[in-house]
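So the protein lines, in turn, are chains E and L. So in my numbering, spot 181 of the first sequence is number 877, and the numbers just go up one at a time. So in my numbering, spot 45 of the second sequence is number 50, and the numbers just go up one at a time. Here the structure is laid out as structure tokens; the discussion comes afterwards.
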Amino acid sequence: MKRGKGETKSLWRRLNSLKNFPYFLIAPTVIIFVVFMVYPIVYSLILSFQEFKHGTYSFVGLKNYIVLFKDPIFYKALMNTFFYLIVQVPIMIGLALIIAVFVEEKHVKGKAFWRTSIFLPSITALVAYALVFKVLFNGDYGLINYVISALGGDKVQWFYSKWPARFSIIISITWRWTGYNMIILLAGLQAIPESVYESAAIDGAGFWKKLTYITVPMVKPILLFTTITSTIGTLQLFDEPYVLTQGGPDYATITIGQYLYNNGFVYMNFGYASAIGYVMVFIIGILSVLQFKIKDN
Amino acid sequence: MVNDTKKKSRIGHVVIYIFLAITTFISIFPFYFMFISGSNTNKDILSNPPKLSFGPYLAENFKMLSERMDILLTTYNTLFVSIVYTLLAVFIYSAAGYILAKFNFVGRTVIFGFIMLSMMIPTQVLYVPWFKMMIGAGMTDSHWGVILPMLANSFGVFLMRQNMLSFPTALIEAARIDGSTETRTFFSIVLPNVKPALGALVIYMFTSMWNNFMWPLIILGSKTKYTFPVALAMLDGNPTNKNYAVIMLATSIATLPILIIFLIFQKQFVAGVMGGSVKE
Numbered sequence: 697m698k699r700g701k702g703e704t705k706s707l708w709r710r711l712n713s714l715k716n717f718p719y720f721l722i723a724p725t726v727i728i729f730v731v732f733m734v735y736p737i738v739y740s741l742i743l744s745f746q747e748f749k750h751g752t753y754s755f756v757g758l759k760n761y762i763v764l765f766k767d768p769i770f771y772k773a774l775m776n777t778f779f780y781l782i783v784q785v786p787i788m789i790g791l792a793l794i795i796a797v798f799v800e801e802k803h804v805k806g807k808a809f810w811r812t813s814i815f816l817p818s819i820t821a822l823v824a825y826a827l828v829f830k831v832l833f834n835g836d837y838g839l840i841n842y843v844i845s846a847l848g849g850d851k852v853q854w855f856y857s858k859w860p861a862r863f864s865i866i867i868s869i870t871w872r873w874t875g876y877n878m879i880i881l882l883a884g885l886q887a888i889p890e891s892v893y894e895s896a897a898i899d900g901a902g903f904w905k906k907l908t909y910i911t912v913p914m915v916k917p918i919l920l921f922t923t924i925t926s927t928i929g930t931l932q933l934f935d936e937p938y939v940l941t942q943g944g945p946d947y948a949t950i951t952i953g954q955y956l957y958n959n960g961f962v963y964m965n966f967g968y969a970s971a972i973g974y975v976m977v978f979i980i981g982i983l984s985v986l987q988f989k990i991k992d993n
Numbered sequence: 006m007v008n009d010t011k012k013k014s015r016i017g018h019v020v021i022y023i024f025l026a027i028t029t030f031i032s033i034f035p036f037y038f039m040f041i042s043g044s045n046t047n048k049d050i051l052s053n054p055p056k057l058s059f060g061p062y063l064a065e066n067f068k069m070l071s072e073r074m075d076i077l078l079t080t081y082n083t084l085f086v087s088i089v090y091t092l093l094a095v096f097i098y099s100a101a102g103y104i105l106a107k108f109n110f111v112g113r114t115v116i117f118g119f120i121m122l123s124m125m126i127p128t129q130v131l132y133v134p135w136f137k138m139m140i141g142a143g144m145t146d147s148h149w150g151v152i153l154p155m156l157a158n159s160f161g162v163f164l165m166r167q168n169m170l171s172f173p174t175a176l177i178e179a180a181r182i183d184g185s186t187e188t189r190t191f192f193s194i195v196l197p198n199v200k201p202a203l204g205a206l207v208i209y210m211f212t213s214m215w216n217n218f219m220w221p222l223i224i225l226g227s228k229t230k231y232t233f234p235v236a237l238a239m240l241d242g243n244p245t246n247k248n249y250a251v252i253m254l255a256t257s258i259a260t261l262p263i264l265i266i267f268l269i270f271q272k273q274f275v276a277g278v279m280g281g282s283v284k285e
């Protein structure tokens, strides 16, 4: 009993020595990241070169990747994802910047109110808000179509034809994420010293000039940050198409994330799903480098 | 001339207010629509135009929902995974953040570098290996299977590290000179002084798990284990007797707790989004 106590004491002392303490405290994080991040990254790479046949996994080299690059549905997923990326991300970031600039304008009253209510959509679960939009986008009775026809337009069958289905997803994502990006951009705007704007005003710079010559260049790093995180998010888009369109009609809205899910967890084709995952990693890598390059110029 | 610019800027003000008002309306309206639809009938929702005020069918919808989904159990499941996940994450990440920010040790650069780099890794790449690991560990269809892999969250570690950076090193050294053990310094000097950052982390972790869909969808198989997002998707995915009023009521129930938490802890929400720059 006594010996046990002594041992605990010396262990306690060893833990608290300045040399050992950091290792004890960082250990849980290292263990978790090795088990659930490092190992899966490697495992997934290995799986992407394997195929499940006759009850075992066997090495098939680049077969999964070769099949993938001939897979028409994968191309559809790739094209859809890029379409969302090219159309939705700039619209959203632009909108977020404009809102942030407006809220930050010196004379605007009720800043906290605008900020809070415009941020509100980004607290919702993706499934939850997608369900609400599914009702709003309903082809025959949706409120959005009611407004369109009240304004003299034709009702849109949002989920049954290609382009409307894609736009229903773009509109939904924009609703969910614009406020989120606005908040991040606000922090950047608040860091710009007031004196810069004042001297620009003396030089006679108007709203537009101030925006393009001062604001945008000054928040460039944050614009880059929001663009990269939005890009990673868009490439992994899953919940919204799952709920709104199920990837249809005829794979017109399917995303890479959804195709990975279908292959991995509906058809249980782990090798193929891992190959899709690695193509995703590769794309994110390239796009991030590209975005850094654009920022430098 | 002066009058002209004044007039111009007044028009500018009006444009800004109109723009902000429209944006705010669009942001809030879907919430309103969701809440009122939970108190109307399916027919009210599927009419032209849909009913846009509160109706008397809340209790009836609630009864119908209870027949399709165990509301209490789903609430319990979602609360359980969210709370356990948050508690574990707060403990683990604040320790990691403190060490990464304030100690020099062999391996620090590698560990922090890897954590930064892994923010670029799409989580979905990890799901297949995670799933196979969970099968191996017998943790499929369990809440621990949802929680454990999700603890590899680089953003959480990053958030705590950034906040610990600004903690005054002099305080730590003073405690050391006074003879406080490293453990005591961490628990009774460092942690109580970074409460705002802990608040941001708690909110960020809790909401990200409460709203999490794809991983629970993969790992959970039985209805009795479902969290809200999975239960909602299943409710919507079932084509028999589809009732949008019931679905909107379920969606409202799943959203309400987060909405309340948000209205109380706005500052922490915002701090979580901004990567931890907590302003008092």
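Ideal Cβ placement from N, Cα and C applies to all residues, glycine included.
- When secondary structure is reduced to three states using DSSP, residue 801 of chain E falls in the coil class, being assigned neither helix nor strand.
- Residue 755 of chain E: member of the beta strand (DSSP E) spanning 752–755, first to last residue.
- Going by DSSP, residue 218 of chain L is part of no beta strand (DSSP E) at all; its letter is neither H nor E.
- The beta carbon of residue 824 of chain E falls within 8 angstroms of a beta carbon belonging to chain L, placing the residue at that interface.
- Contact residues of the region 203–215 of chain L toward chain E are 212, 215 (C-beta to C-beta distance below 9 angstroms).
- Closest by C-alpha distance to residue 810 of chain E, out of L:23, L:246, L:226, is L:23.
- CA-to-CA, the gap between residue 95 of chain L and residue 857 of chain E works out to about 46 angstroms.
- The DSSP assignment places no complete beta strand (DSSP E) segment of no fewer than 3 residues inside the region 902–972 of chain E.
- Taking residue 151 of chain L as the centre and dropping the five residues before and after it, the same chain places the C-beta of 86, 221, 224 closer than 6 angstroms to its C-beta, in chain order.
- Within the region 71–82 of chain L, no residue places its CB atom closer than 8 angstroms to a CB of chain E.
- Residue 886 of chain E is bridged by DSSP to nothing; it lacks a bridge partner.
- Within 7 angstroms of the CB of residue 45 of chain L, no CB atom of chain E is found; the nearest one sits about 11 angstroms away.
- When secondary structure is reduced to three states using DSSP, residue 746 of chain E falls in the strand class.
- Across the structure, residue 230 of chain L and residue 144 of chain L are spaced so that their CA atoms are roughly 12 angstroms apart.
- For residue 161 of chain L, the three-state secondary structure derived from DSSP is helix.
- Think of a sphere of 9 angstroms around the beta carbon of residue 706 of chain E: no beta carbon from chain L falls inside it, the nearest being about 14 angstroms out.
- For residue 788 of chain E, the three-state secondary structure derived from DSSP is helix.
- Residues of the region 163–195 of chain L with a C-beta atom less than 9 angstroms from some C-beta of chain E are 181, 186, 187, 188, 189, 191, listed in chain order.
- In the three-state scheme derived from DSSP, where H, G and I count as helix and E and B as strand, residue 49 of chain L is classed as helix.
- Looking from the CA of residue 832 of chain E, the closest CA among E:848, E:801, E:871, E:804 belongs to E:871.
- Closest in alpha carbon position to residue 755 of chain E, among E:763, E:764, E:745, E:819, is E:745.
- Using beta-carbon distances, residue 127 of chain L counts as an interface residue toward chain E, with a partner under 8 angstroms.
- Counting only the Cα atoms, residue 842 of chain E lies some 9 angstroms from residue 849 of chain E.
- In this structure, L:214 is the residue among L:214, L:227, L:233 with its C-alpha nearest to the C-alpha of residue 92 of chain L.
- Rounded to the nearest angstrom, the gap between the Cα atoms of residue 114 of chain L and residue 162 of chain L is 14 angstroms.
- Around residue 814 of chain E, the same chain offers 795, 875, 878 as residues with beta carbons nearer than 7 angstroms, after the five sequence neighbours per side are excluded.
- One finds nothing in chain L with a Cβ atom closer than 7 angstroms to the Cβ of residue 788 of chain E; even the nearest lies about 13 angstroms away.
- Put simply, the region 976–984 of chain E touches the region 913–932 of chain E. At least three CB pairs are less than 8 angstroms apart.
- No Cβ-Cβ contact shorter than 8 angstroms links residue 773 of chain E with residue 133 of chain L.
- The continuous alpha helix (DSSP H) containing residue 175 of chain L extends over residues 174–182.
- Bounds of any alpha helix (DSSP H) do not take in residue 821 of chain E, whose DSSP letter is neither H nor E.
- Of the other Cβ atoms in all chains shown, 16 or more fall within 10 Å of the Cβ of residue 237 of chain L; this residue is therefore buried.
- For the 8 angstroms CB-CB criterion, residue 235 of chain L and residue 69 of chain L do not form a contact.
- The three-state secondary structure of residue 714 of chain E, taken from DSSP, is coil.
- Against chain L, the beta carbon of residue 827 of chain E has neighbours under 7 angstroms at 237, 241, 252, 256, listed in chain order.
- Residue-level contact by beta carbon fails for residue 142 of chain L and chain E, as no gap is shorter than 8 angstroms.
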